[in-house]
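Have a look at the structure below before the remarks.
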Amino acid sequence: MFKKTFNPVLLFTIIGFLAFACTNKNQQSSSSNVSSNTLGQAGVVDEVSEPNILQIAQSSEDHTTLAAAIEAAGIQKVLVNAGPLTVFAPVNEAFDALPEGTVEELLKPENKKKLANILTSHASPSSLKMSQLTDGFQIYLATGQYVQVEKKDGETYVNGAKILGTVSATNGIIHVVDKVFLF
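Counting in UniProt numbering, the final residue of the sequence shown is number 183, and the numbers go up one at a time with none missing.
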């Protein structure tokens with residue numbers, strides 16, 4: 001006959017095994033419930049760090065049209081990457097100054113590529129501070145084109161657009177401009 005004895009080591013081993021098995025099961029099931037986010041870093045909500053270029057554009061009351069255009073063109077990922085990046089960001093009034101119906105037409109899904117190209121022509125793959133924007137300076141844009149800096153009456157212009165202000169971001173610099181670059 002067998003003698004029944006209480007073995008605490010065996011009991012703790014079984015409890016530990018069960019606890020590990022349950023924990024592992026929970027990890028597996030929670031990882032299968034994660035949905036993929038096609039926005040990548042652009043979809044990350046971060047309210048602690050300094051804002052990146054996309055976050056600044058999205059939170060600016062003066063750039064609601066630009067923010068809508070960025071979303072319609074699907075170029076959010078570009079504006080959250082590490083950089084460096086300089087963006088010449090047209091204010092709402094710059095879009096309003098375009099011929100009637102232009103913005104509405106560009107925001108249509110069938111014009112996504114054209115809109116992305118226009119917006120990309122407002123970016124330079126470098127971090128350009130105001131002190132670097134001297135008269136005659138040539139700025140290389142992400143589209144492969146160059147635009148020239150002009151100094152007139154103490155103001156700085158890029159491709160004919162007046163720089164109204166500058167904002168630093170974690171991944172570059174935003175120069176707020178009063179015109180949309182159309183090539």
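We put the beta carbon where it would ideally sit given N, CA and C, even for glycine.
Quantities reported herein were computed from a predicted structural model and do not represent experimental measurements.
CB of residue i within 8 Å of CB of residue j, strictly
{"i": "Ala142", "j": "Ala123", "result": "yes"}
{"i": "Ile163", "j": "Lys129", "result": "no"}
{"i": "Ala68", "j": "Leu115", "result": "no"}
Neighbourhood of residue i by C-beta distance below 7 Å, restricted to the same chain and skipping five residues each side
{"i": "Gly165", "result": "Val176"}
{"i": "Gln132", "result": "none"}
Whole-angstrom C-beta distance between residue j and residue i, which should lie under 8 Å
{"i": "Ser167", "j": "Pro90", "result": "The sequence given here places Val at residue 167; Ser does not occur at that position. In fact, because the Cβ distance is near 14 Å, the residues do not count as touching under 8 Å."}
Proximal residues to residue i (C-beta, below 6 Å), its chain only, five neighbours per side dropped
{"i": "Pro84", "result": "Ser126, Ser127, Gly172"}
{"i": "Val149", "result": "Leu133, Phe137, Val158"}
{"i": "Asn52", "result": "Val80, Ala169, Thr170, Asn171"}
{"i": "Val147", "result": "Ile139, Val158, Asn159"}
{"i": "Glu50", "result": "Thr170"}
Straight-line gap, residue i to residue j (C-alpha atoms, nearest Å)
{"i": "Phe183", "j": "Ala161", "result": "13 Å"}
{"i": "Val87", "j": "Glu155", "result": "18 Å"}
{"i": "Glu61", "j": "Glu110", "result": "27 Å"}
Residues near residue i by beta carbon distance below 8 Å, same chain, minus five either side
{"i": "Asp178", "result": "Pro90, Val91, Glu93, Ala94, Ala161, Lys162, Leu164"}
{"i": "Leu106", "result": "Ala69, Ala72, Lys114, Leu115, Ile118"}
{"i": "Lys112", "result": "Ala72, Ala73, Gly74"}
Write down every uninterrupted run of the alpha helix (DSSP H) in the UniProt domain "FAS1" (50 to 181) whose length is 4 residues or greater and which is fully enclosed by it, in chain order.
-> The qualifying runs are 53 to 59, 64 to 73, 92 to 96, 102 to 106, 112 to 120.
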